[in-house]
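Residue 324 in our numbering sits at position 323 of the sequence shown; the count goes up by one each step and never skips. Notes to accompany the following structure.
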Amino acid sequence: MKKPDIVILGAGYGGIMTAVKLQKMLNMNEAVITLVNKYDYHYQTTWLHENAAGTLHHDRTRIPIKDVVNLDRVNFVMDTVISIKPDKKKIKLENGELYYDILVIGLGFETATFGIPGLKENAFTIENINSARLIRDHLEYNFAMYQHEDEKNPGRLNIVVGGGGITGVEYLGELANRIPELCEEYDIYKTMVRIINIEGESAVLPGFDPQLTEYAMSSLESRGVEFITGGIVKECKPDCIVYEKEGKETAIPTYTTVWTGGVRANSIVEESGFEHNHGKIEVRPDLRAPGYDDVFAIGDCALIMDGKTNIPYPSTAQIAVQQSETAAHNIKALVQGTEELGEFKPSLLGTVASLGNSDAIGDIFNNRKLFGWKAVIMKKIIDNRYLLKLGGFSLLMRKGKFNIFY
Ligand SMILES: Cc1cc2nc3c(=O)[nH]c(=O)nc-3n(C[C@H](O)[C@H](O)[C@H](O)COP(=O)(O)OP(=O)(O)OC[C@H]3O[C@@H](n4cnc5c(N)ncnc54)[C@H](O)[C@@H]3O)c2cc1C
Numbered sequence: 002m003k004k005p006d007i008v009i010l011g012a013g014y015g016g017i018m019t020a021v022k023l024q025k026m027l028n029m030n031e032a033v034i035t036l037v038n039k040y041d042y043h044y045q046t047t048w049l050h051e052n053a054a055g056t057l058h059h060d061r062t063r064i065p066i067k068d069v070v071n072l073d074r075v076n077f078v079m080d081t082v083i084s085i086k087p088d089k090k091k092i093k094l095e096n097g098e099l100y101y102d103i104l105v106i107g108l109g110f111e112t113a114t115f116g117i118p119g120l121k122e123n124a125f126t127i128e129n130i131n132s133a134r135l136i137r138d139h140l141e142y143n144f145a146m147y148q149h150e151d152e153k154n155p156g157r158l159n160i161v162v163g164g165g166g167i168t169g170v171e172y173l174g175e176l177a178n179r180i181p182e183l184c185e186e187y188d189i190y191k192t193m194v195r196i197i198n199i200e201g202e203s204a205v206l207p208g209f210d211p212q213l214t215e216y217a218m219s220s221l222e223s224r225g226v227e228f229i230t231g232g233i234v235k236e237c238k239p240d241c242i243v244y245e246k247e248g249k250e251t252a253i254p255t256y257t258t259v260w261t262g263g264v265r266a267n268s269i270v271e272e273s274g275f276e277h278n279h280g281k282i283e284v285r286p287d288l289r290a291p292g293y294d295d296v297f298a299i300g301d302c303a304l305i306m307d308g309k310t311n312i313p314y315p316s317t318a319q320i321a322v323q324q325s326e327t328a329a330h331n332i333k334a335l336v337q338g339t340e341e342l343g344e345f346k347p348s349l350l351g352t353v354a355s356l357g358n359s360d361a362i363g364d365i366f367n368n369r370k371l372f373g374w375k376a377v378i379m380k381k382i383i384d385n386r387y388l389l390k391l392g393g394f395s396l397l398m399r400k401g402k403f404n405i406f407y
């Protein structure tokens, strides 16, 4: 009998963990497992803001796929997924085509620009290693250009972060640490550099406890970050950003706008004809797509409602990893036909947001608030725990974060 073809799209948190689990749960004779990813490495998306500021080298963030996936057990295909044809059980890749019996969609997120003029063309986004590296180099280029040009252009030293969600705030924290180093390197007074955040709500970190938000804002303000709250980004041009506040439009000269104001599921999901809710597949409790018993969606491509609040669970790495466990269990059940499919039951441990390398805030274990060094330690425990789960002790020792205060 032909072995079923299991194809996993994307080697992010959800996809790579599904592959790592399946390679242990199924033996060689039971199924052919194929993992498809754009790059030959997995990257920790939750560390990219550090790479984009230049506070952590991107080689710490990326992990070669061969280091954690057993390539004798899993076929790795480095290619770009173009589309999924669920009715034909086929995947179109940039360089070929794949057939599947069971599919896992873990293609992650892409930035949402909400049609704001010029954002797509002129703003930077923190999405992957390449985009993070580009921002880091662009920051340095502008500091160097400021000194190089005869006519001084203050816009080169204005850095604008659009959006004050967790990604925006974590990036501001890294910038607040990095800018003093850049100033020293390029002989620029610190007071000449502006780090500005524009957020539409009345405070950053919407959804967080107000005490945590207040702590985060004053920590960042004490290190020179300016907040424009209640400001709506109207347009992004190559040399400025325009926002509206209280009916008045203002332009800030800048060559560096980093947009962190929204994400959506990878648009391949919507374009492939799956039933979707705001671009995500609203999966059944066993994580399968409506109408397709052979397609699982996980991570940022999947949407699951919290039955208690009737609000979708957040798109987080934590959820993506937990979903990989349910998906792997259910795929094994389908292949072996011995067990019932299980339901995804998230265990929400809370959120910790870094504010640079020596400060953080957290809301963990049902409203336990953490500030400062305790939150910094918790963040590192979360990061290190993931590495241990993914690649065991040796990966933890190679990539782990052990220096609490840098
Ligand atoms: C800067 C930042 C900080 C964050 N901080 C936190 C945090 O502190 N805690 C938290 O829980 N969450 C955080 N998040 C959110 C979290 O990173 C995402 O929810 C998580 O990465 C989703 O995992 P995933 O498996 O769905 O996709 P991802 O981890 O994004 O992986 C998607 C994979 O698919 C691949 N891929 C994409 N398109 C294609 C294609 N066409 N063909 C082939 N391969 C493709 C990509 O290369 C990637 O490997 C943060 C996000 C960002 C950007």
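Don't be surprised by glycine CBs; every beta carbon is placed ideally from N, CA and C.
For residue 164, which of helix, strand or coil comes out of DSSP?
-> By 1-based counting over the sequence shown, the position of residue 164 is 163. Residue state, collapsed to three classes: coil.
Taking buried to mean at least 16 other C-beta atoms within 10 Å of its own C-beta, is residue 366 buried or exposed?
-> Locating residue 366 in the sequence shown gives position 365, where the first residue counts as 1. With a 10 Å radius around the Cβ and a threshold of 16 neighbouring Cβ atoms, residue 366 comes out exposed.
Between the Cα of residue 381 and the Cα atoms of 355, 372, 392, 396, which residue gives the shortest distance?
-> Walking along the sequence shown from the start, residue 381 turns up at place 380. Comparing C-alpha distances from residue 381 to each of 355, 372, 392, 396 shows the shortest one belongs to 355.
Would you mind stating whether residue 247 and residue 233 have Cβ atoms separated by less than 8 Å?
-> Here residue 247 refers to the residue found at position 246 of the sequence shown. Here residue 233 refers to the residue found at position 232 of the sequence shown. One thing to note: residue 247 has its Cβ no nearer than 8 Å to the Cβ of residue 233.
Hey, quick one: how far does the alpha helix (DSSP H) through residue 147 stretch, first residue to last?
-> To locate residue 147, count along the sequence shown from 1; it is residue 146. In this chain, the alpha helix (DSSP H) harbouring residue 147 covers 130-149.
Measuring alpha carbon to alpha carbon, tell me which of 58, 211, 389, 33 ends up nearest residue 48.
-> What you label residue 48 is simply residue 47 of the sequence shown in a count that begins at 1. Minimum Cα distance to residue 48 is reached at 58.
Exposed or buried, what is residue 88 when buried is set at 16 or more other beta-carbons lying within 10 Å of its beta-carbon?
-> Against the sequence shown, residue 88 aligns to sequence position 87. Exposure of residue 88 is indicated by the presence of fewer than 16 other C-beta atoms within 10 angstroms of its C-beta.
Give the single residue among 348, 297, 149 whose Cα lies nearest to the Cα of residue 450.
-> The displayed coordinates of the chain run from 2 to 407. Any statement about residue 450 would go beyond what the structure contains.
For ligand 1, list every residue whose C-beta falls under 5 Å from any of its heavy atoms, going in chain order.
-> That gives 11, 12, 13, 14, 15, 38, 39, 46, 47, 49, 50, 81, 82, 107, 108, 109, 127, 168, 300, 301, 316, 317, 318, 319, 321.
Who does residue 366 pair with in a DSSP beta bridge?
-> Here residue 366 is taken as the residue at index 365 of the sequence shown, counted from 1. For residue 366, which the question treats as bridged, DSSP gives no partner whatsoever.
Let me know the secondary structure DSSP gives residue 70 once reduced to three states.
-> Counting from 1 along the sequence shown, the entry for residue 70 is found at position 69. DSSP places residue 70 in coil when its eight states are reduced to three.
In the DSSP assignment, what residue or residues form a beta bridge with residue 86?
-> What you label residue 86 is simply residue 85 of the sequence shown in a count that begins at 1. In DSSP, residue 86 forms a bridge with 91.
In whole angstroms, what separates the C-alpha of residue 121 from that of residue 137?
-> Translated into positions along the sequence shown, residue 121 becomes position 120. Translated into positions along the sequence shown, residue 137 becomes position 136. Cα to Cα, residue 121 sits roughly 18 Å from residue 137.
Assuming residue 19 contacts residue 329 (C-beta within less than 8 Å), just tell me the rounded distance between them.
-> In the sequence shown, the residue the question calls residue 19 occupies position 18. In the sequence shown, the residue the question calls residue 329 occupies position 328. Taking 8 Å as the upper bound for CB-CB distance, residue 19 and residue 329 are in contact here, some 5 Å apart.
Rounded C-alpha distance that separates residue 194 from residue 296 | Locating residue 194 in the sequence shown gives position 193, where the first residue counts as 1. Locating residue 296 in the sequence shown gives position 295, where the first residue counts as 1. Their backbone Cα atoms lie some 50 Å apart in a straight line.
For residue 22, write down the residues that DSSP places opposite it in a beta bridge.
-> Mapped onto the sequence shown, residue 22 falls at position 21. According to DSSP, residue pairing for residue 22 in a beta bridge does not occur.
Would you mind reading off the limits of the alpha helix (DSSP H) that contains residue 215?
-> Walking along the sequence shown from the start, residue 215 turns up at place 214. Per DSSP, residue 215 belongs to the alpha helix (DSSP H) from 211-222.
Going by DSSP, name the residue or residues bridged to residue 394.
-> Residue mapping note: residue 394 aligns to position 393 of the sequence shown, counting from 1. Residue 394 has no beta-bridge partner at all, per DSSP.
Around the Cβ of residue 277, are there at least 16 other Cβ atoms within 10 angstroms (buried) or fewer (exposed)?
-> By one-based count along the sequence shown, residue 277 stands at place 276. Per the 10 Å Cβ criterion, buried.
Taking the DSSP output, what are the residues bridged to residue 65?
-> Within the sequence shown, the letter at position 64 stands for residue 65. For residue 65, which the question treats as bridged, DSSP gives the partners 42.
Name the residue from 14, 54, 101, 91 whose alpha carbon lies nearest to the alpha carbon of residue 7.
-> By 1-based counting over the sequence shown, the position of residue 7 is 6. Per the C-alpha coordinates, the member of 14, 54, 101, 91 positioned closest to residue 7 is 101.
The alpha helix (DSSP H) enclosing residue 52, as first and last residue numbers | Working through the sequence shown from its first residue, we reach residue 52 at position 51. For residue 52, the enclosing alpha helix (DSSP H) stretches over residues 49-54.
If you draw a straight line from the C-alpha of residue 371 to the C-alpha of residue 98, how long is it?
-> Mapped onto the sequence shown, residue 371 falls at position 370. Mapped onto the sequence shown, residue 98 falls at position 97. Here the C-alpha atom of residue 371 lies approximately 48 Å from the C-alpha atom of residue 98.
Based on Cα-Cα distance, which residue from 280, 123, 400, 373 lies nearest to residue 174?
-> The residue labelled residue 174 in the question sits at position 173 within the sequence shown. Just measuring C-alpha positions, the residue of 280, 123, 400, 373 sitting nearest residue 174 is 373.
Note down, in chain order, each residue of its chain lying with its Cβ closer than 6 Å to the Cβ of residue 316, except the 5 sequence neighbours on either side.
-> Taking the first residue of the sequence shown as 1, we reach residue 316 at position 315. In the same chain as residue 316, and ignoring 5 residues on each side of it, the C-beta atoms closer than 6 Å to its own belong to 301, in chain order.
Does the region 138-147 come within contact of the region 321-328, defined as at least 3 CB pairs closer than 8 Å?
-> In the pairwise beta carbon analysis, the region 138-147 is classified as not touching the region 321-328: fewer than three pairs are separated by under 8 Å.
Beta-carbon proximity list for residue 79, same chain, < 6 Å, skipping 5 on both sides | As a working mapping, residue 79 is identified with position 78 in the sequence shown. Cβ neighbours of residue 79 beyond the five flanking positions: 41.
So residue 284 and residue 305 are in contact, right, with Cβ under 8 Å, and what is the actual spacing, rounded?
-> Reading the sequence shown from its first residue, position 283 is the one you call residue 284. Reading the sequence shown from its first residue, position 304 is the one you call residue 305. Contact between residue 284 and residue 305 holds, since their C-beta atoms are separated by about 6 Å, short of 8 Å.
When the Cα atoms are used, what is the spatial distance from residue 118 to residue 289?
-> The residue labelled residue 118 in the question sits at position 117 within the sequence shown. The residue labelled residue 289 in the question sits at position 288 within the sequence shown. Approximately 37 Å, taken between the alpha carbons.
When 10, 239, 147 are compared against residue 190, the one with the closest alpha-carbon | The count along the sequence shown starts at 1 and reaches residue 190 at position 189. Comparing alpha carbon positions, the residue from 10, 239, 147 closest to residue 190 is 147.
How many Å lie between residue 402 and residue 222 at the Cα?
-> Walking along the sequence shown from the start, residue 402 turns up at place 401. Walking along the sequence shown from the start, residue 222 turns up at place 221. Near 26 Å, if we compare the C-alpha coordinates of residue 222 and residue 402.
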